[in-house]
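Protein chains in written order, with full-length UniProt numbering: chain A, 1 to 210; chain B, 1 to 210. Beta carbons: idealized from backbone N, C-alpha and C, even for Gly. Predicted model, so just to flag it, every value in this text is computed and none were measured.
Protein chains: 2
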Amino acid sequence: MATKERESSSWEVPRLTPGARAALDAAGRLFYERGITAVAVESVAEAAGVTKKTVYDRFKSKSALVCAYLSERDSRYRGWVESWIAEHPETPPVLAVFDALDAWMTARGPKGCAFVHAHAQLLDTPEHPAHRVINGQKQWLHDTFRDLAHDAGVRSADALAAELLCLHEGACVMHSTTDITDAVTRARRAAHVLLQDALATGGRSAPGRK
Amino acid sequence: MATKERESSSWEVPRLTPGARAALDAAGRLFYERGITAVAVESVAEAAGVTKKTVYDRFKSKSALVCAYLSERDSRYRGWVESWIAEHPETPPVLAVFDALDAWMTARGPKGCAFVHAHAQLLDTPEHPAHRVINGQKQWLHDTFRDLAHDAGVRSADALAAELLCLHEGACVMHSTTDITDAVTRARRAAHVLLQDALATGGRSAPGRK
DNA sequence: TTACTACTATACTCATCGGTATGGCAACTA
DNA sequence: TAGTTGCCATACCGATGAGTATAGTAGTAA
Numbered sequence: 001m002a003t004k005e006r007e008s009s010s011w012e013v014p015r016l017t018p019g020a021r022a023a024l025d026a027a028g029r030l031f032y033e034r035g036i037t038a039v040a041v042e043s044v045a046e047a048a049g050v051t052k053k054t055v056y057d058r059f060k061s062k063s064a065l066v067c068a069y070l071s072e073r074d075s076r077y078r079g080w081v082e083s084w085i086a087e088h089p090e091t092p093p094v095l096a097v098f099d100a101l102d103a104w105m106t107a108r109g110p111k112g113c114a115f116v117h118a119h120a121q122l123l124d125t126p127e128h129p130a131h132r133v134i135n136g137q138k139q140w141l142h143d144t145f146r147d148l149a150h151d152a153g154v155r156s157a158d159a160l161a162a163e164l165l166c167l168h169e170g171a172c173v174m175h176s177t178t179d180i181t182d183a184v185t186r187a188r189r190a191a192h193v194l195l196q197d198a199l200a201t202g203g204r205s206a207p208g209r210k
Numbered sequence: 001m002a003t004k005e006r007e008s009s010s011w012e013v014p015r016l017t018p019g020a021r022a023a024l025d026a027a028g029r030l031f032y033e034r035g036i037t038a039v040a041v042e043s044v045a046e047a048a049g050v051t052k053k054t055v056y057d058r059f060k061s062k063s064a065l066v067c068a069y070l071s072e073r074d075s076r077y078r079g080w081v082e083s084w085i086a087e088h089p090e091t092p093p094v095l096a097v098f099d100a101l102d103a104w105m106t107a108r109g110p111k112g113c114a115f116v117h118a119h120a121q122l123l124d125t126p127e128h129p130a131h132r133v134i135n136g137q138k139q140w141l142h143d144t145f146r147d148l149a150h151d152a153g154v155r156s157a158d159a160l161a162a163e164l165l166c167l168h169e170g171a172c173v174m175h176s177t178t179d180i181t182d183a184v185t186r187a188r189r190a191a192h193v194l195l196q197d198a199l200a201t202g203g204r205s206a207p208g209r210k
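Dropping the structure here:
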């Protein structure tokens with residue numbers, strides 16, 4: 001359940017050869033730090049220590065490479081959040097998501113959300129397959145918040161999920177566009193208040209499953 | 001106070017000639033809809049009904065045009081929010097900001113925040129002067145929230161401001177990356193809860209200034 | 001009349017970049 | 001031994017785009 005099989009699309013990469021792995025790693029760094037459209041495939045190849053030909057032999061196109069990059073990042077973040085929740089059973093899961101985000105930001109650079117950035121960088125090509133990956137990431141986050149809220153006993157879990165997602169996304173954005181460094185901490189505190197409010201006013205529904 | 005004089009920078013445009021006005025209008029549409037890096041100066045000129053030469057005669061460079069675009073949008077949004085607050089004295093100002101955002105989104109297309117998008121699109125050039133405009137816009141929003149919260153009697157106005165900014169930014173992001181259409185409404189409700197909580201637990205400080 | 005301003009029109013330079021072509025080499029496998 | 005796979009190296013094509021150059025026109029102000 002943690003690693004749900006994603007439908008195989010045109011850009012899907014079955015198994016990664018060493019060259020493909022190196023290219024995808026380099027793409028992960030460069031696309032995130034400098035932006036997708038600003039980084040040439042040539043640069044990715046150079047940083048990976050392979051030739052441009054190899055990149056195109058492993059990935060059909062730059063679009064496919066971009067999708068692989070975002071898809072892998074998506075998987076990583078999902079795994080990160082899910083294992084954080086599992087490893088911190090004493091923390092209310094809804095809040096643990098924010099702790100996971102905080103730790104993720106600390107571990108890697110606080111440069112903002114790769115998916116939000118990708119969306120902006122690919123604004124001119126709405127048909128770009130990466131948009132499906134981007135939407136999928138946000139949808140997963142929303143559904144996760146909704147399920148966790150529901151399990152916590154919140155009746156209007158769907159509404160709360162949207163509010164929590166606001167906080168999550170907003171905290172990421174603030175890390176990239178403001179000097180505020182404790183945005184995630186603030187978002188977590190706000191989430192705590194919203195959760196308490198939802199439990200107090202909306203009332204508890206069923207006891208949390210499992 | 002509504003239209004505070006901004007310091008004149010290298011990209012500042014004193015008075016706009018008809019050609020410059022047309023170019024800036026076209027840039028405003030195209031940069032926002034398709035993205036800054038994806039739109040050529042040539043395209044802006046064509047859409048404006050002027051020649052590329054005219055654009056470069058009025059604006060030193062594409063960077064200057066981008067700054068003028070963002071700066072003008074910044075001014076417009078500030079004015080929009082400030083007059084919305086003034087025209088709705090019955091609404092708590094902190095919440096009126098979200099109403100203003102909602103109305104702004106409804107009036108124009110809900111395509112997300114131009115500044116967040118610009119930041120992502122200009123990731124590779126940290127020295128780009130537009131980053132100052134972007135940071136300025138977010139700083140203004142934060143300071144506005146802080147002042148309004150303080151006026152409402154919130155003691156920890158600075159902390160609340162960061163949380164409200166999270167909600168504001170998050171709601172914008174959700175409009176561009178998810179199918180959730182009532183993000184601003186949800187953010188407003190969350191802001192209401194946070195405000196009540198801040199007033200109840202943090203306690204009121206001084207009575208709101210005039 | 002002169003000079004400046006705002007503009008049109010077109011052509012050009014230079015750089016970047018997505019993607020392809022060609023050709024070759026080493027390892028593994030049928 | 002033959003074929004396939006994964007890779008290297010290099011060159012190339014076509015498109016796009018920032019910015020410049022040149023030359024000319026209409027209005028306006030000294």
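query: Which residue comes first and which comes last in the alpha helix (DSSP H) that contains residue 177 of chain B?; result: 157–177
query: Report yes or no: do the region 117–128 of chain B and the region 83–100 of chain B share at least 3 C-beta pairs separated by less than 8 angstroms?; result: no
query: To which residues of the same chain is residue 39 of chain A closer than 7 angstroms at the C-beta, ignoring the five residues directly before and after it?; result: 30, 31
query: Using beta-carbon positions only, say whether residue 58 of chain B and residue 20 of chain B come within less than 7 angstroms of one another.; result: yes
query: Can you list, in chain order, the residues of the region 92–126 of chain B whose Cβ is nearer than 9 angstroms to any Cβ on chain A?; result: 111, 112, 113, 115, 116, 117, 118, 119, 120, 121, 122, 123, 124, 125
query: Pick helix, strand or coil for residue 50 of chain B, following the three-state DSSP scheme.; result: coil
query: Measuring straight from C-alpha to C-alpha, what distance separates residue 158 of chain B and residue 102 of chain B?; result: 24 angstroms
query: Between residue 67 of chain B and the rest of its own chain, which residues show a CB-CB distance below 7 angstroms, the 5 nearest in sequence each way excluded?; result: 11, 129, 130, 133
query: Counting only beta-carbon atoms, is residue 62 of chain B nearer than 7 angstroms to chain A?; result: no
query: For a cutoff of 7 angstroms on Cβ pairs, would you count residue 149 of chain B as touching chain A?; result: no
query: Can you tell me which of the three DSSP states residue 2 of chain A falls into?; result: For residue 2 of chain A, the predicted model reports a pLDDT of 36, less than 50, meaning its position is unreliable and no value from the coordinates is stated.
query: Between the C-alpha atoms of residue 82 of chain A and residue 140 of chain A, what's the straight-line distance to the nearest angstrom?; result: 12 angstroms
query: With a CB to CB cut of under 7 angstroms and the five nearest residues on each side skipped, what residues in its chain are close to residue 161 of chain B?; result: 142, 145, 146, 149
query: For residue 62 of chain B, which three-state DSSP category applies?; result: helix
query: So is residue 197 of chain B in contact with chain A if we call contact Cβ pairs under 7 angstroms?; result: yes
query: Indicate whether the contact test is met: 3 or more Cβ pairs, each with one atom in the region 188–199 of chain B and one in the region 106–120 of chain B, closer than 8 angstroms.; result: no
query: Which residues in chain B have a C-beta closer than 8 angstroms to the C-beta of residue 41 of chain A? List them in chain order.; result: Under the 8 angstroms cutoff, chain B gives no residues; its nearest Cβ is about 15 angstroms from residue 41 of chain A.
query: Confirm, please, whether the CB-CB distance from residue 27 of chain B to residue 69 of chain B is below 7 angstroms.; result: yes
query: Run the CB neighbour count on residue 200 of chain B, radius 10 Å, all protein chains shown included, and call it buried at 16 or more, exposed below.; result: exposed
query: Starting from the beta carbon of residue 176 of chain A, find every residue of chain B whose beta carbon is closer than 7 angstroms, and list them in chain order.; result: 119
query: Give me the subset of the UniProt DNA-binding region "H-T-H motif" (40–59) of chain B whose CB atoms are less than 7 angstroms from a CB atom of chain A, sorted by chain position.; result: none
query: Determine which residues of the region 156–170 of chain A have a Cβ less than 8 angstroms from any Cβ of chain B, and write them out in chain order.; result: 159, 162, 163, 165, 166, 167, 168, 169, 170
query: Would the C-beta of residue 97 of chain B count as close to the ligand FAD, meaning under 6 angstroms from any of its heavy atoms?; result: With respect to the ligand FAD, the structure offers nothing, as it holds no ligand at all.
query: So, does the CB of residue 30 of chain B fall closer than 7 angstroms to a CB anywhere in chain A?; result: no
query: Over the uninterrupted alpha helix (DSSP H) stretch that includes residue 212 of chain B, give me the two end residues.; result: No statement about residue 212 of chain B is possible, as the shown extent of chain B runs from 1 to 210 and does not include it.
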